[in-house]
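Asks: For the sequence shown, the working numbering assigns the number 323 to the last residue and increments by one with no breaks. If you scroll down you'll find the structure; I have some questions about it.
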Amino acid sequence: MDLGYLKNKKILFVDDEPELLSMVEGILEKEGYQNIRRAASVKEALEVFQEWTPEMAVLDVMLPDGDGFGLFKKIREQSDIPVLFLTARGEEEDKFLGLGLGADDYIVKPFLPKELTLRIGVILRRCYKEEQPVVRLAGCSIDFERAQVIRGEERLPLTAKEFALLSALYRNGGKIVTIDMLCQAVWGDNPYGYENSLMAHIRRIREKIEENPSKPVSLITVKGLGYKLMVKE
91 MDLGYLKNKK
101 ILFVDDEPEL
111 LSMVEGILEK
121 EGYQNIRRAA
131 SVKEALEVFQ
141 EWTPEMAVLD
151 VMLPDGDGFG
161 LFKKIREQSD
171 IPVLFLTARG
181 EEEDKFLGLG
191 LGADDYIVKP
201 FLPKELTLRI
211 GVILRRCYKE
221 EQPVVRLAGC
231 SIDFERAQVI
241 RGEERLPLTA
251 KEFALLSALY
261 RNGGKIVTID
271 MLCQAVWGDN
281 PYGYENSLMA
291 HIRRIREKIE
301 ENPSKPVSLI
311 TVKGLGYKLM
321 VKE
């Protein structure tokens, strides 16, 4: 889905690694995000927050003058903006604590740049809603606004990558979308080598949207070319 209406949202990125801050700022600017501010400590983040009123925050758990959880609590005293936590690999308690406090998501370091932008996009889309379509397929619907598949009374959440793939397929209105185009939609400008990962994600999507995933009628393989999504009028 088009994120243009969200890319002027003000995003505060808090981390004490200058190289990471610069990399993330460059990635987000390349993706079209126009309002990004950086902070390297709790103190600096709170100063920026007071002066600039961000509309989303990405917080590292470990900061030189405190931690991201304490910063999150201070932010929550003033605002309910969406927050994504950065956690070190293997720190399961950090993940659970962050989500338990009410954070919107977490991402584990080190992370792929595309994963970060996908997660930010999903969070912004969820929290700052523009009316998005509910698309009917055979036997289910895709609610792009809530990033979920609706099957009767069941609601099946879509991961960031599943959402990106279905968005790319839907944008092309039943036309064939090549494997390269789909890989690029999820993994960025250098999509080569992700074909097996793509197939795994397609399989998981089919498990959510197809009545019989081994005989798909909604997400069709076009042999040697790619895939297409069959939408019901």
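Positions of the beta carbon are idealized from the N, C-alpha and C atoms, including for glycine.
So the candidates are Lys120, Gly122, Arg166; which of them puts its Cα closest to the Cα of Gln140?
Replies: For the purposes of this step, residue 140 is taken as residue 50 along the sequence shown, with counting starting at 1. Closest option to Gln140, Cα to Cα, is Arg166.
Asks: Ordered along the chain, which non-local residues of its own chain (more than five positions away) have a Cβ less than 7 Å from that of Ala254?
Replies: The residue labelled residue 254 in the question sits at position 164 within the sequence shown. Closer than 7 Å at the Cβ level, and outside the excluded window around Ala254, lie Leu208, Ala275, Val276.
Asks: Looking only at its chain, what residues have a beta carbon closer than 7 Å to the beta carbon of Ile310, apart from the 5 residues adjacent to it on each side?
Replies: Numbered from its first residue, the sequence shown carries residue 310 at position 220. So the list reads Tyr317, Lys318, Met320, once near-sequence residues are dropped.
Asks: Counting only runs of 4+ residues fully inside the stretch 243-297, write out the alpha helix (DSSP H) ranges in chain order.
Replies: 250-261, 269-277
Asks: Quick one: grab the DSSP three-state call for Ser112.
Replies: One-based indexing of the sequence shown puts residue 112 at position 22. The answer is helix: DSSP assigns Ser112 an H, G or I state.
Asks: Measure the alpha-carbon distance for Met91 versus Val312 and round it to whole angstroms.
Replies: Within the sequence shown, the letter at position 1 stands for residue 91. Within the sequence shown, the letter at position 222 stands for residue 312. Note that Met91 has pLDDT 47, beneath the 50 cutoff, so the model's placement of it is unreliable and no number is given.
Asks: What residue range is occupied by the uninterrupted beta strand (DSSP E) comprising Lys330?
Replies: This structure cannot speak to residue 330, because the chain is shown only from 91 to 323.
Asks: Just to confirm my understanding: we take Asp157, look at its own chain, exclude 5 residues before and 5 after, and list those with CB closer than 7 Å. What are they?
Replies: Start at 1 with the first residue of the sequence shown, and residue 157 comes out as number 67. Cβ within range, chain order: Val151.
Asks: Taking contact to mean at least 3 C-beta pairs separated by less than 8 Å, is the stretch 104-120 in contact with the stretch 179-193?
Replies: no
Asks: How about Lys97 and Gln124: do their beta carbons lie closer than 7 Å?
Replies: Mapped onto the sequence shown, residue 97 falls at position 7. Mapped onto the sequence shown, residue 124 falls at position 34. Against a cut-off of 7 Å, the Cβ pair of Gln124 and Lys97 comes out as a contact.
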